[in-house]
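What follows is a single structure, written as structure tokens, with notes after it.
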Amino acid sequence: MQEMKFSTKALLVAATVFILVFISGPLGYRFLGVALQPSLVSVIVAVIGGLVLSFFSAYYIFQNSRMGLSWDRKICLLSMIVSLLPTIVMAPQILSAVSVPPIHDISTDTENPPEFVVAKSFRESFPNSSEYGDEAWPPEKLASATLTAYPEIKSIVSNLNLVDSLKKSGEVLVSMGMEIISMDASYGRIEAVDTSFWFGFKDDLVLRIKEQDNGVIVDVRSKSRVGQSDLGVNAARIKEFTEKFSSPN
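Heads up: the sequence shown is residues 48 to 296, going by the numbering used here.
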């Protein structure tokens, strides 16, 4: 086996370092109490650094191919692939960020959104309060943005009774991997928490089930505890719940 060039070794080491930086950000925030801002910066550094490194790797792939250094060419190709992993992982989030409004509180009822009760105490130490709307996005502006971006998100009308609706709602939330923190049959309210995989971000969800003629009407609200934009996650969560709750199975 031929001896690798220094440049080849350096590229592989640098690619590995960027992967470690990329992973350390979210895991440090979730498990070690690292502040959010430096954790996000580490992700950005890994993405940008990885992109730059991929161009260097591509250049050396060409150079090593021209010089007949097949082993170095293969290692440089590996370095390029590894260095692009942060960008590949983050690409869907980046696309979501530019395709949805920078909001983090979505409700099927924007005029009278369901209120958080139990989750309210959990949110006190987080930037985003339990109230609907904030200084940047007053209630009217938030409601307008929600209706424009997600016109398909609407109240759920069901012919189930209150008891069966509560039971099915709980089953659906559990199937979605959410943790139910409150179920109040007297008020027809369920609250649950969803935790993201990497950063461990927590989003709160509240269901409000009201009886009406021949059934119930179910309203859903989902709100992130941190961040200005939820990248469409809360809307996707409500859509998933609506689809599963409305399914006859």
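Beta carbons: idealized from backbone N, C-alpha and C, even for Gly.
Under the three-state DSSP convention, the category residue i falls into
i	result
Lys286	helix
Arg272	coil
Val253	strand
Asp231	strand
Tyr217	The question names Tyr, yet the displayed sequence has Gly at residue 217. Gly217 falls in the helix class under three-state DSSP.
Phe173	coil
Phe292	helix
Asp211	helix
Asn159	coil
Start and end residues, alpha helix (DSSP H) containing residue i
i	result
Gln84	83 to 113
Lys188	186 to 196
Ser66	As written in the sequence, residue 66 is Ile, which differs from the Ser given in the question. Counting along the chain, the alpha helix (DSSP H) containing Ile66 begins and ends at 53 to 78.
Ser168	165 to 169
For residue i: DSSP bridge partner residues
i	result
Glu226	Val240
Val263	Ser205, Glu258
Ser153	The displayed chain sequence assigns Ile, not Ser, to residue 153. Ser269, per the DSSP bridge assignment.
Host beta strand (DSSP E) of residue i (start-end)
i	result
Ser143	It is not in any beta strand (DSSP E) - Ser143 instead sits in the alpha helix (DSSP H) that spans 117 to 146.
Ser205	203 to 205
Nonlocal neighbours in the same chain, by C-beta distance under 7 Å from residue i, ignoring five residues either side
i	result
Asn261	Asn206
Asp156	Ser202, Asp266
Val273	Leu83, Phe173, Pro174, Asn175, Phe248
Asn111	Asp119, Arg120, Cys123
Val81	Gly75
Ile285	Ile153, Thr155, Ile200, Val267, Ser269
Val68	Ser89, Val92, Ala93
Ala232	Leu213
Own chain partners of residue i with C-beta closer than 6 Å, once the 5 adjacent residues on each side are dropped
i	result
Pro186	Tyr179, Gly180
Glu158	none
Residues near residue i in its chain [Cβ-Cβ closer than 8 Å; skip 5 each side]
i	result
Ser177	Glu162, Phe163, Ala166, Lys167, Arg170, Asp251, Lys270
Ser104	Leu58, Ala62, Cys123, Leu124, Ser126, Met127, Ser130
Val299	The first residue shown for the chain is 48 and the last is 296, placing residue 299 beyond what the model contains.
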